[in-house]
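Q:
Residue numbers (the numbering used here), protein chains in the order written: chain A, 629 to 882; chain B, -13 to 308.
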């Protein structure tokens, strides 16, 4: 198991963002993490990579306990992530943004080799032409790719993707899905939060569903999309959910 | 060495050297005093730039290091009889250690909170020195004029401090360039742009920020000692002037924060402007108002400063101005 989460809870004041979530991710898997808005998906990412310490519970990465370690500790161990709300280093060039990932990530590159690696990764995500531009001048789709490039330049073993498809148009989405599949072929384990259901269902081997901070369902995309609890979580009304489930929609509306 | 072929490395150094040699060529003490005050500004602005420009932390208390370094060196020279070279090293090290201790505490704060804490430090330092008798308390310390005889008399000593200041300023510019174009510097700029994102990418922000703070505190102390050694007297009010901190920020912003050349142009430009205003009857008493208006104008209209503006608008200059 590359990542193990045991009974993790996270409270913000009175708000229970996560309660007793347990999860294991084997090496090489692509895991989809879905759930309605406010379900705690991003909070779970933040607990895994150390942005927030969990209120309770423990996190193990590559069999080492990393509970409440800082994000930079995890980055150096080989965990990289992208942000749902893109966080480019605006007044640095695209290349410099990616070099930060290469210099301070798992492989600890010097400036020279980081530069080469950055160009290689930028070509891979399709930003090769824009490497000398300021990151602030990119559009949203390009900024999402920049997030991805920065994460990849760190040469991670586990990659957390937080809604890399949100805000992209259909052709950009299919291009990005291809990129994700290629990353996976390089042997990188991926956990992806996604709202674009057909994408999650196609790409993931296993899907985990969160609702109100609880893990309510876990299984193959097929199993999860037929789980009444999942349908209820998304649609709110159990009766309506049953109707839809029996009405032959096969969860396709999710 | 690759950096020796970079125009961006040579330009600031050559500018300072040319300016610095002018009084020597003309052998004129009045010119020397003009350049001396410019060098103090350039050195302070370049030091502050490592924290303000590269790391993005606004410190209103940077003059504390200038003051503490000056007091340390002054005390060692006048009370302990140290030679100036040894005193200079201690005048750098003591503020650097102070910055390490302070930084471990206040660099946890961000934005306006950090800036406010640094103002507090400035006031606390002045109050402490004012009431600390070994450093002369509120009447400060005077240098025994005999001390100048060790350096060939008062006139020679003034030239010596001038050469030392010129040397220190050039060392600061070299350090500034090396930091700017190093992996460490890339980490600092990542922190400036977005500290949370930088940490997620693996930049160990607390230690990087502390190191930047220590480097930017080391040189002002040495400059402070040279400044007050020349004056032969040091007072708490002169050593810890809050408005000098603010003027240093104006210099960095004017020239271009985050560039190596910016603080050179900003320091020299602002110092010349100040010199002119001080002898103009209309502005003599309100020259700080001009600094305020200048800062406001820069932030509103050219936040990148002179060098940043030129780099943005004149493509051909990008390889030269750094």
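Here a beta-carbon is modelled for each residue, glycine too, at the ideal position from N, C-alpha and C.
Bear in mind the structure is a predicted one, so any value in this text is a computation, not a measurement.
1) Would you check if there are 3 or more beta carbon pairs closer than 8 Å linking the segment 82 to 98 of chain B to the segment 195 to 213 of chain B?
2) Is it right to say residue 299/B is buried, meaning 16 or more other beta carbons lie within 10 angstroms of its own, or is it exposed?
3) Can you tell me whether residue 709/A is helix, strand or coil according to DSSP?
4) Comparing C-alpha positions only, which one of 302/B, 303/B and 172/B sits nearest to residue 608/A?
5) With 7 Å as the threshold, decide whether the Cβ of residue 689/A is near any Cβ in chain B.
6) Look up residue 66/B in the DSSP assignment and say whether it is helix, strand or coil.
7) Can you tell me which of 645/A, 639/A, 658/A and 631/A puts its alpha carbon nearest to the alpha carbon of residue 827/A?
8) Bridge partners of residue 835/A, per DSSP?
9) I need the straight-line Cα distance from residue 130/B to residue 175/B, nearest angstrom please.
10) Which of the three DSSP states is assigned to residue 880/A in this structure?
11) Residues of chain A with CB under 7 Å from residue 180/B, in chain order?
12) Suppose the cutoff is 6 Å on Cβ atoms and the five residues either side in sequence are ignored; what does the same chain contact list for residue 207/B look like?
13) If contact means a Cβ-Cβ distance below 8 Å, which residues of the segment 116 to 143 of chain B contact chain A?
14) Pick out the complete beta strand (DSSP E) segments inside the segment 230 to 299 of chain B, 3 residues or longer, and give them in chain order.
15) Looking at chain B, is there any beta carbon in it that lies within less than 7 Å of the beta carbon of residue 729/A?
16) Could you run through the segment 691 to 708 of chain A and flag, in chain order, every residue whose CB is less than 9 Å away from some CB of chain B?
17) Can you find a C-beta in chain B that's less than 7 Å from the C-beta of residue 668/A?
18) If you measure from the beta carbon of residue 19/B to each beta carbon in chain A, is any gap under 7 Å?
19) Give me the chain B residues within the contact set of residue 738/A, using Cβ-Cβ distance strictly less than 9 Å, ordered along the chain.
20) If you compare alpha carbons, which of 639/A, 769/A, 653/A and 637/A is closest to residue 820/A?
21) Quick one: residues in its chain with C-beta nearer than 7 Å to the C-beta of residue 638/A, no 5 flanking neighbours on either side, listed in chain order?
22) Bridge partners for residue 185/B per DSSP, in chain order?
23) Please list, in chain order, all residues of the same chain as residue 697/A whose beta carbon is under 6 Å from its beta carbon, the five residues on each side excluded.
24) Are the C-beta of residue 732/A and some C-beta of chain B separated by less than 7 Å?
25) Within 7 Å of any Cβ in chain A, is that where the Cβ of residue 176/B sits?
26) I'd like to know if residue 308/B contacts chain A, where contact means its C-beta is closer than 7 Å to some C-beta of that chain.
27) Here's the rule I'm using: 16 or more other beta-carbon atoms within 10 Å means buried, otherwise exposed. How should residue 877/A be labelled?
28) For residue 191/B, which residues in the same chain have their Cβ closer than 7 Å to its Cβ, ignoring the five residues on either side in sequence?
29) Can you look up residue -9/B in the DSSP assignment and give me helix, strand or coil?
30) Establish whether the CB of residue 239/B and some CB of chain A are separated by less than 7 Å.
31) Take residue 166/B and list the residues in its own chain whose beta-carbon comes closer than 6 Å to its own, dropping the five residues that flank it on each side.
32) Please check the pair residue 200/B and residue 241/B, which I expect to be a contact at CB under 8 Å, by giving their CB distance rounded to whole angstroms.
33) What's the call for residue 69/B, buried or exposed, on a 16-neighbour Cβ count within 10 Å?
34) Can you check whether the C-beta of residue 190/B is within less than 7 Å of a C-beta belonging to chain A?
35) What is the DSSP secondary structure of residue 687/A, counted as helix, strand or coil?
A: This is what the structure holds:
1) yes
2) Here residue 299/B refers to the residue found at position 313 of the second chain. With fewer than 16 other beta carbons inside 10 angstroms of its own, residue 299/B counts as exposed.
3) Position 81 of the first chain, counted from the start, is the residue given in the question as residue 709/A. Of the three classes helix, strand and coil, the one that applies to residue 709/A here is strand, per DSSP.
4) Residue numbering for chain A in the displayed model covers 629 to 882; residue 608/A lies beyond these limits and cannot be assessed.
5) Against the first chain, residue 689/A aligns to sequence position 61. Not closer than 7 Å to any Cβ of chain B, the Cβ of residue 689/A fails to qualify, so no.
6) Mapped onto the second chain, residue 66/B falls at position 80. Residue state, collapsed to three classes: helix.
7) Working through the first chain from its first residue, we reach residue 827/A at position 199. Checked all of 645/A, 639/A, 658/A and 631/A; the closest Cα to residue 827/A is 658/A.
8) The count along the first chain starts at 1 and reaches residue 835/A at position 207. Answer is 660/A and 847/A, bridged to residue 835/A.
9) What you label residue 130/B is simply residue 144 of the second chain in a count that begins at 1. What you label residue 175/B is simply residue 189 of the second chain in a count that begins at 1. Each residue's Cα considered, the two are about 46 Å apart.
10) On the first chain, position 252 is the one that residue 880/A refers to. In this predicted model, residue 880/A has a pLDDT of only 43, less than 50, meaning its place in the structure is not dependable; the value taken from the coordinates is given anyway. Three-state result, residue 880/A: coil.
11) Position 194 of the second chain, counted from the start, is the residue given in the question as residue 180/B. Within chain A, the residues near residue 180/B are 715 and 717.
12) Numbered from 1 along the second chain, position 221 holds the residue referred to as residue 207/B. The answer, listed in chain order, is 51, 55, 77, 78 and 81.
13) none
14) none
15) Residue 729/A sits at position 101 when you count from the first residue of the first chain. Interface residue, yes.
16) 698, 699, 700, 701, 702, 703, 704 and 708
17) Within the first chain, residue 668/A is the residue found at index 40, counting from 1. It does not; no Cβ of chain B falls within 7 Å.
18) Looking up residue 19/B in the second chain gives position 33. Judged by the 7 Å Cβ criterion, residue 19/B is not in contact with chain A.
19) The residue labelled residue 738/A in the question sits at position 110 within the first chain. Here the neighbours are 169.
20) The count along the first chain starts at 1 and reaches residue 820/A at position 192. Checking every option, the nearest Cα to that of residue 820/A belongs to 653/A.
21) Numbered from 1 along the first chain, position 10 holds the residue referred to as residue 638/A. Excluding residues within five positions, the ones whose Cβ falls inside 7 Å are 645, 646, 671, 675, 680, 682 and 683.
22) In the second chain, the residue the question calls residue 185/B occupies position 199. DSSP lists no partner for residue 185/B.
23) As a working mapping, residue 697/A is identified with position 69 in the first chain. The answer, listed in chain order, is 678.
24) Numbered from 1 along the first chain, position 104 holds the residue referred to as residue 732/A. Yes, residue 732/A lies at the interface with chain B (some Cβ there is under 7 Å from its Cβ).
25) On the second chain, residue 176/B is found 190 positions in, with the first residue counted as 1. Yes, residue 176/B counts as interfacial toward chain A.
26) Indexing the second chain from 1 puts residue 308/B at position 322. By the rule that beta-carbons nearer than 7 Å mark a contact, residue 308/B does not touch chain A.
27) The residue you call residue 877/A lines up with position 249 of the first chain. Note that residue 877/A has pLDDT 45, beneath the 50 cutoff, so the model's placement of it is unreliable and the number below is only indicative. The residue in question, residue 877/A, is exposed, as its Cβ has fewer than 16 Cβ neighbours within 10 Å.
28) To locate residue 191/B, count along the second chain from 1; it is residue 205. So the qualifying residues of the chain are 177, 181, 184 and 185.
29) Sequence index remark: in the second chain, residue -9/B carries index 5 (1-based). Three-state result, residue -9/B: helix.
30) Against the second chain, residue 239/B aligns to sequence position 253. Cβ-Cβ to chain A under 7 Å: no for residue 239/B.
31) Stepping through the second chain from its first residue, residue 166/B is reached at position 180. The answer, listed in chain order, is 246.
32) Numbered from its first residue, the second chain carries residue 200/B at position 214. Numbered from its first residue, the second chain carries residue 241/B at position 255. So it is not a contact: roughly 23 Å between Cβ atoms.
33) Residue 69/B sits at position 83 when you count from the first residue of the second chain. It is exposed - the Cβ of residue 69/B has fewer than 16 other Cβ atoms within 10 Å.
34) In the second chain, the residue the question calls residue 190/B occupies position 204. Yes, residue 190/B counts as interfacial toward chain A.
35) Stepping through the first chain from its first residue, residue 687/A is reached at position 59. Three-state result, residue 687/A: strand.
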